[in-house]
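Residue numbers (our numbering), protein chains in the order written: chain A, 46 to 509; chain B, 46 to 509. Every residue, glycine too, gets a C-beta built ideally from N, C-alpha and C.
Number of protein chains: 2
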Amino acid sequence: MGSSPPLALIFVLLLFPSSAPSRARSASVVTRLPGFRGPLPFYMETGYVEVDEVNEAELFYYFIESERNPIEDPLLLWLTGGPRCSAFCGLVFEVGPLKFVSAKYNGSLPSLVYRPYSWTKVSNMIFLDSPAGSGFSFSRHAEGYDAGDRSWSKHAHTFLLKWFIDHPKFLSNPLYIAGDSYAGKIVPIVTQEVLNGIEAGKQPPLNLQGYIIGNPITGERADLNSRVPFAHSMGIISDDFFELTQRSCEGQDYRSPTDAKCEMCLNTFDEFLSEINLGYMLDPKCARTSPKPKTPDRRTLQEEYLYLLKPPPIPALYCRNYAHFLSYHWANTDIVRKAIHVKKGTVGEWQRCNYDLPYTEDINSSIMYHLRVTSKRYRALVYSGDHDMLITFVGTNEWIRSLNFSIVDDWRSWHVGGQVAGYTTSYSNNLTFATVKGAGHTAAEYKEKECFAMIRRWLSHKPL
Amino acid sequence: MGSSPPLALIFVLLLFPSSAPSRARSASVVTRLPGFRGPLPFYMETGYVEVDEVNEAELFYYFIESERNPIEDPLLLWLTGGPRCSAFCGLVFEVGPLKFVSAKYNGSLPSLVYRPYSWTKVSNMIFLDSPAGSGFSFSRHAEGYDAGDRSWSKHAHTFLLKWFIDHPKFLSNPLYIAGDSYAGKIVPIVTQEVLNGIEAGKQPPLNLQGYIIGNPITGERADLNSRVPFAHSMGIISDDFFELTQRSCEGQDYRSPTDAKCEMCLNTFDEFLSEINLGYMLDPKCARTSPKPKTPDRRTLQEEYLYLLKPPPIPALYCRNYAHFLSYHWANTDIVRKAIHVKKGTVGEWQRCNYDLPYTEDINSSIMYHLRVTSKRYRALVYSGDHDMLITFVGTNEWIRSLNFSIVDDWRSWHVGGQVAGYTTSYSNNLTFATVKGAGHTAAEYKEKECFAMIRRWLSHKPL
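Quick look at the structure:
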């Protein structure tokens with residue numbers, strides 16, 4: 046922790062005047078959800094798993110059984126990015142079986158409807174609020190919120206082991222670790238953790254099969270450096286300025302350039318990007334919420350358009366992130382918290398993404414983890430919405446190529462409903478890369494049908 | 046004419062068993078249109094102007110007065126591409142004040158409604174079916190259909206002179222020549238024709254101010270060669286294949302490569318493109334209508350997705366070109382033809398684009414015309430929908446830069462409604478280049494509001 050804890054943390058600490066003991070693990074079936082008409086058409090459970098006994102940190106999760114064949118279908122652990130965005134976002138905006146009705150908020154509870162292209166149609170899914178301080182996950186001690194890449198990954202692994210102890214019937218299902226954006230950096234690290242645990246004979250034995258990441262951060266230069274050629278090819282910067290920047294910044298790390306001319310170029314570049322919806326360059330840039338960060342965008346990997354501070358801002362109804370606004374009003378309602386069995390007094394205001402708490406990027410790059418895990422023949426699917434400027438498919442393609450795997454199935458289109466849905470290359474070591482044509486940062490939010498077909502095929506070991 | 050005239054031409058000739066004389070010019074006010082509820086909320090006139098006395102070729106036009114101040118607002122002559130697409134397409138799908146209601150065709154007349162972002166809100170517009178054989182324009186002799194770049198341009202000029210004789214009150218309005226796609230090649234040539242006429246003292250004196258072109262063809266290599274880097278940057282072809290093609294095709298004209306390896310690469314490239322909606326790469330590729338052309342796409346500049354032969358195919362209702370299908374059913378109805386005063390027996394089936402008739406590209410490149418006209422200080426606006434793969438903004442940007450004009454207002458974003466609508470550069474010689482973000486080949490069809498703001502500002506001599 047820094048020397049002056051942020052206000053939110055002080056608030057969190059006030060919530061636990063006495064360190065009352067609580068059950069380390071809990072699980073409750075949820076058959077109805079406020080805002081959703083009738084009983085849920087799928088099996089859902091929420092619960093907590095303590096992952097840090099010293100600090101009494103408990104991670105909250107939403108578990109949804111496969112709507113096809115829960116006994117045999119794979120099990121996906123879904124982590125959401127940020128870091129510290131709630132996994133509920135993954136559930137309700139991306140790959141889960143619910144979505145908000147985009148109707149003007151009138152003070153009453155926002156409505157939820159069934160989302161037909163849910164990945165739970167073909168897999169069991171755990172949406173995990175992690176690390177502590179995300180969504181409804183909490184810690185009873187301030188130190189429990191002091192997360193980083195390493196602790197997040199370890200906690201996710203601890204979570205899995207304990208969760209499976211309570212759910213032994215899923216131990217034989219193929220297990221995949223999944224997530225996107227910043228979670229794309231953590232997923233291979235968690236996979237490595239699980240793999241280490243398996244090799245060390247940790248109990249219970251997990252049936253790990255591989256991992257899935259969308260528009261993932263790696264921590265490599267390519268994540269941000271690639272924005273410049275991508276912005277050029279998308280017609281956002283001119284030929285001349287592109288060439289000048291390339292020349293001035295050759296060999297530089299765009300996050301911390303040492304060359305003054307490069308620095309100047311990147312400042313201009315930031316101005317060009319600041320006008321654009323980076324998550325999907327063709328969408329309007331909608332109400333942004335927080336004061337402009339003092340550091341230029343390129344310095345940080347936070348998803349700028351997810352950067353919602355409390356109180357939530359109100360985007361226009363036509364904006365894609367209007368539903369994000371609704372999520373605040375849903376998740377912060379007492380009857381909702383009661384319905385999903387949130388422990389009283391553990392979390393103040395639920396936030397889509399909680400950037401108030403400290404987070405240490407204590408692993409520079411995930412590349413070695415990708416290499417280690419795939420070289421052990423675990424399967425990997427890396428997909429990229431191709432209109433995302435936060436983590437471009439150009440940069441992702443670049444680091445995948447740098448792994449120097451041989452190509453098994455060369456770059457080709459993949460199809461859904463007779464249309465090109467994107468392009469894919471399969472590499473040795475069971476790694477598949479796929480773009481999603483016309484999708485943004487959280488690809489499944491933009492191309493539901495296509496991303497569902499992608500995951501269905503890939504989980505079934507079929508070509509995309 | 047070739048030695049075996051196409052069937053359509055024979056049909057056309059059968060329509061004129063006797064060469065009955067007709068009035069060389071006609072004009073009729075149209076106050077109501079079948080399919081449009083109530084009187085038209087703008088002044089509209091249709092008519093014919095004979096442009097080729099020998100062959101008795103008459104061009105059909107739709108004239109719509111500015112809805113603002115017809116006395117002072119500019120007058121735009123709008124030509125549509127193809128060659129030989131009807132200017133009605135420009136009126137009803139792009140920049141005019143009407144559009145089709147996209148409802149399932151049930152045998153009754155398709156409905157039209159008012160299109161609020163019409164360019165006629167700020168300018169008088171003539172939509173000209175040209176050359177003869179397009180839309181409702183016709184010739185009484187087969188030779189009249191034997192058009193090419195030169196004759197089309199001359200006829201457009203002749204049309205203007207005769208039209209102004211009958212409409213002298215518009216002679217003082219600023220005159221602009223406009224059009225997109227293939228018409229983008231013709232527009233600067235027509236402008237040069239008009240300019241020559243002015244310099245030669247032809248009467249009446251036209252108040253030419255400049256020209257406007259959208260996603261224009263030039264006839265230069267850049268038109269097609271640029272598709273390869275553009276497809277690469279859009280993630281349609283792989284890095285490796287892009288590099289191979291660039292290497293193999295260096296210095297080649299992609300329309301007729303002489304190198305075998307290049308030829309092979311381009312054939313593979315054609316296969317990648319054949320799956321995509323070239324007019325807007327993010328739209329689905331909808332019912333295409335004609336048999337696949339025997340020559341690969343890159344050999345021809347015809348707009349592939351406009352390639353509709355009779356009888357029209359039926360795209361899915363969700364397809365953008367469903368309205369194109371409706372246009373056949375509207376324009377081929379007797380009450381419609383009567384309402385717009387089409388001369389009986391002159392045109393068989395109205396077609397969106399009539400590719401049955403011969404057309405000679407007898408001017409290789411329009412570049413010299415751009416140079417000549419702009420060097421005389423006539424104004425030019427070149428705009429490009431930046432998601433068009435038929436004529437990419439990359440290629441257009443390339444030839445504009447090759448003109449070596451100095452930059453007056455360097456590459457910057459332009460805005461509509463607080464959002465980036467595209468990027469623009471202004472050059473000396475009064476040339477402005479603008480991209481339209483997220484628009485396809487016929488930019489105003491995709492981004493109505495933005496293109497309207499663009500033309501309104503540019504016609505008022507304001508920065509975009």
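Less than 9 Å between CB atoms is the rule here; does residue i satisfy it with respect to chain B?
{"i": "residue 321 of chain A", "result": "yes"}
{"i": "residue 464 of chain A", "result": "yes"}
{"i": "residue 274 of chain A", "result": "yes"}
{"i": "residue 428 of chain A", "result": "no"}
{"i": "residue 467 of chain A", "result": "yes"}
{"i": "residue 366 of chain A", "result": "no"}
{"i": "residue 247 of chain A", "result": "no"}
{"i": "residue 145 of chain A", "result": "no"}
{"i": "residue 209 of chain A", "result": "no"}
If you drop the 5 nearest sequence neighbours on each side, which residues of the same chain put their C-beta closer than 7 Å to that of residue i?
{"i": "residue 139 of chain B", "result": "487, 489, 490"}
{"i": "residue 419 of chain A", "result": "425, 474, 475, 476"}
{"i": "residue 405 of chain B", "result": "193"}
{"i": "residue 317 of chain B", "result": "276, 281, 282"}
Alpha carbons only, please: which of the options is nearest the one belonging to residue i?
{"i": "residue 214 of chain A", "options": "A/174, A/202, A/110", "result": "A/110"}
{"i": "residue 500 of chain B", "options": "B/478, B/190, B/485", "result": "B/478"}
{"i": "residue 412 of chain A", "options": "A/505, A/448, A/442, A/115", "result": "A/448"}
{"i": "residue 223 of chain B", "options": "B/389, B/505, B/126, B/393", "result": "B/126"}
{"i": "residue 149 of chain A", "options": "A/420, A/383, A/370, A/422", "result": "A/370"}
{"i": "residue 322 of chain B", "options": "B/313, B/292, B/281", "result": "B/281"}
{"i": "residue 372 of chain B", "options": "B/292, B/277, B/130", "result": "B/130"}
{"i": "residue 160 of chain B", "options": "B/497, B/506, B/71, B/470", "result": "B/497"}
{"i": "residue 266 of chain B", "options": "B/302, B/287, B/250", "result": "B/302"}
{"i": "residue 397 of chain A", "options": "A/410, A/368, A/379", "result": "A/368"}
{"i": "residue 71 of chain A", "options": "A/98, A/77, A/363, A/207", "result": "A/207"}
{"i": "residue 361 of chain A", "options": "A/275, A/98, A/147", "result": "A/147"}
{"i": "residue 114 of chain B", "options": "B/164, B/244, B/203, B/399", "result": "B/164"}
{"i": "residue 268 of chain B", "options": "B/456, B/145, B/230, B/204", "result": "B/230"}
{"i": "residue 184 of chain B", "options": "B/101, B/134, B/245", "result": "B/101"}
{"i": "residue 176 of chain B", "options": "B/382, B/245, B/97", "result": "B/97"}
Kindly indicate if chain A contains any beta-carbon less than 9 Å away from that of residue i.
{"i": "residue 200 of chain B", "result": "no"}
{"i": "residue 349 of chain B", "result": "Below a pLDDT of 50, predicted positions are generally treated as unreliable, and residue 349 of chain B, at 39, falls in that range; no measurement from the model is reported."}
{"i": "residue 483 of chain B", "result": "yes"}
{"i": "residue 446 of chain B", "result": "yes"}
{"i": "residue 470 of chain B", "result": "yes"}
{"i": "residue 183 of chain B", "result": "no"}
{"i": "residue 327 of chain B", "result": "yes"}
{"i": "residue 480 of chain B", "result": "yes"}
{"i": "residue 456 of chain B", "result": "yes"}
{"i": "residue 314 of chain B", "result": "no"}
{"i": "residue 399 of chain B", "result": "no"}
Kindly list the residues whose CB is nearer than 6 Å to the CB of residue i, restricted to its own chain and excluding five residues on each side of it in sequence; keep chain order.
{"i": "residue 290 of chain B", "result": "273, 310"}
{"i": "residue 429 of chain A", "result": "260, 438, 441, 480"}
{"i": "residue 485 of chain B", "result": "324, 325, 430, 432, 433, 491"}
{"i": "residue 121 of chain A", "result": "168, 170, 221, 223"}
{"i": "residue 162 of chain B", "result": "493, 494, 497"}
Leaving out the 5 sequence neighbours to the left and right, which residues in its chain are closer than 8 Å to residue i when beta-carbon positions are compared?
{"i": "residue 365 of chain A", "result": "325, 328, 331, 490"}
{"i": "residue 423 of chain A", "result": "236, 240, 253, 254, 255, 256, 475"}
{"i": "residue 117 of chain A", "result": "218"}
{"i": "residue 377 of chain B", "result": "394, 395"}
{"i": "residue 472 of chain A", "result": "445, 448, 450, 451, 452, 453, 478"}
{"i": "residue 251 of chain A", "result": "205, 206, 209, 216, 220, 239, 242, 243"}
Any beta-carbon of chain D closer than 9 Å to the one on residue i?
{"i": "residue 482 of chain A", "result": "Note that chain D does not occur in the displayed structure, where the protein chains are A and B."}
Check whether the region 188 to 205 of chain B touches the region 232 to 240 of chain B, counting contact only when three or more Cβ pairs, one atom from each stretch, lie closer than 8 Å. yes
The region 252 to 286 of chain B: positions lying closer than 9 Å to chain A by Cβ: 274, 275, 277, 278, 279, 280, 281, 282, 283, 284, 285, 286
Given 8 Å as the limit, is there contact between the region 252 to 259 of chain B and the region 144 to 156 of chain B, that is, 3 or more CB pairs closer than that? no
Cβ contact (3+ pairs, closer than 8 Å) linking the region 172 to 183 of chain B and the region 96 to 106 of chain B: yes
If you measure beta-carbon to beta-carbon, which residues of the region 409 to 439 of chain B are closer than 9 Å to chain A? 429, 431, 432, 438, 439
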